[in-house]
C-alpha cells in the first residue's frame with residue numbers, strides 16, 4: 004500500500020542546516036493501523052507531511068498503491084491527495100460554517116452535485132455519531148465532537164489512507180479513547196489504512212498493529228508492538244515503556260528488611276517482556292515448585308498470548324525452594340530484583 008524509500012528532509016534557517024528526516028524506509032500494508040511514535044522534535048510531523056507532500060522531501064520516494072507521489076506534477080498530485088485524508092491536533096474547522104458545511108467542503112471543492120453531497124455528508128455524520136449536530140457550529144461542540152467532524156471531513160472523498168497528526172493530543176483521556184475506538188471502527192468498516200503519529204504510548208497500545216519509532220530523524224525500530232516491547236533495549240523505546248518502580252503498600256514497606264532474617268521471605272519485582280505469560284509464571288511458582296506466594300501488585304498487559312508489565316511477588320517458601328524459583332527466573336531471562344525481605 005505505502006512504501007517510503009530512503010526519505011530525507013533538511014530544513015535550513017539562519018545559514019544552519021537541520022536534518023529532520025534521515026534515510027527513512029518503511030512499508031505499510033493495506034488496511035493496517037500503523038503508529039509512528041517519538042519524542043517532540045523527532046521528525047514525526049515532518050514524516051507524515053511528506054507522505055502527502057505537504058512537505059517536499061529532499062531525497063527518496065513515497066509510493067501509494069504503486070504511484071510515486073514525488074514524480075507527479077501539481078495537477079496529478081492534487082488528484083492523488085483526494086485519496087489521502089488528514090486530521091490534525093487542533094481540528095482546523097471553519098468557525099463560520101456548520102458541521103454539515105465543514106464536512107461537505109471537500110466535496111464542494113470537487114464540484115460534486117448537491118444531492119450527492121447531501122447523501123454523502125449524512126452518511127458520514129452517521130458514521131461519526133453526529134447526525135443530530137449537522138446544523139450546529141463548531142463553537143457549540145466539545146473537543147471530541149470537533150474531532151469527529153474533522154474525521155468525517157477527512158473521509159469525504161473516500162480516501163485510501165488516513166493520516167492522523169497527534170489527533171488525540173488535545174483531548175482528555177476518556178474522549179481520546181472514544182476517538183481511538185471510532186478510528187478502529189472506521190478501519191474495520193471501510194478497510195481504511197491509517198498512519199497515526201503520537202508521543203503517547205497508550206494511543207499506540209490501543210489501536211496500532213505495527214509501530215515505528217523515530218529519534219532525531221532516524222527510524223530506530225519497527226515491528227509489532229509485542230516485538231518492540233520484547234526487544235526494548237534502545238533508550239528511546241525505553242522512554243515510552245513504563246519503567247516506574249512499583250510502590251509497596253505502606254505497612255509492608257515499614258516492615259521491609261534489606262537483609263534476610265529467619266522468618267522473612269523475599270519480595271521480588273519481576274518484569275515480563277513477552278518471554279513468558281503471566282499465567283504460566285504464576286502456575287510454575289505455585290504448581291511446579293509448590294511455593295506459597297502473595298501477589299502484592301501487578302500491572303500487566305496482554306498482546307496476543309504475550310504478557311508485558313511488572314509485578315511484585317512475595318515468595319513464602321523455604322530458602323531452598325525460593326532459590327529454585329529465582330534460578331528459574333534467570334533461566335527464562337525474566338528480569339527480577341529482590342526488593343527486600345518481609
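In my numbering, the protein residues as written are 4 to 345.
Where a beta carbon is used, it is the ideal one built from N, C-alpha and C, also for glycine.
Item	Value
Residues bridged to residue 89 (per DSSP)	166
Per-residue DSSP class, three states only, for residue 213	strand
Own chain, CB closer than 8 Å to residue 58, minus 5 neighbours either side, in chain order	12, 49, 52
Contacts around residue 35, its chain only, beta-carbon distance under 7 Å, and the 5 residues preceding and following it disregarded	196, 212, 213
Cβ-Cβ distance between residue 152 and residue 106 below 8 Å	yes
Outcome for residue 353 when other beta-carbon atoms lying within 10 angstroms are tallied against a minimum of 16	For the chain, the structure presents residues 4 to 345; residue 353 sits outside this window and is missing.
Pair within 8 Å by beta-carbon distance, residue 340 and residue 260	no
Length at least 3, wholly inside the segment 49-130: the beta strand (DSSP E) runs in chain order	62-67, 87-91
The segment 116-133 contacting the segment 153-166, beta-carbon criterion three pairs below 8 Å	yes
Option in 315, 148, 96 with minimal Cα separation from residue 181	148
Run of the beta strand (DSSP E) containing residue 26, from where it starts to where it stops	19-31
Per-residue DSSP class, three states only, for residue 312	strand
Residues that DSSP places opposite residue 269 in a beta bridge	344
Inter-residue Cα distance where the pair is residue 390 and residue 121	This structure does not reach residue 390, given that the chain is present from 4 up to 345, and the question cannot be answered.
Nearest-angstrom Cβ-Cβ length linking residue 220 and residue 61, presumed shorter than 8 Å	12 Å between Cβ atoms; not a contact.
Contact the segment 327-338 vs the segment 277-284: 3+ CB pairs below 8 Å	yes
Distance, residue 272 Cα to residue 80 Cα	55 Å
Local conformation of residue 10 per DSSP, three classes	strand
Contact between the segment 137-147 and the segment 70-80 (3+ Cβ pairs under 8 Å)	no
Status (buried if at least 16 other CB within 10 Å, exposed otherwise) for residue 165	buried
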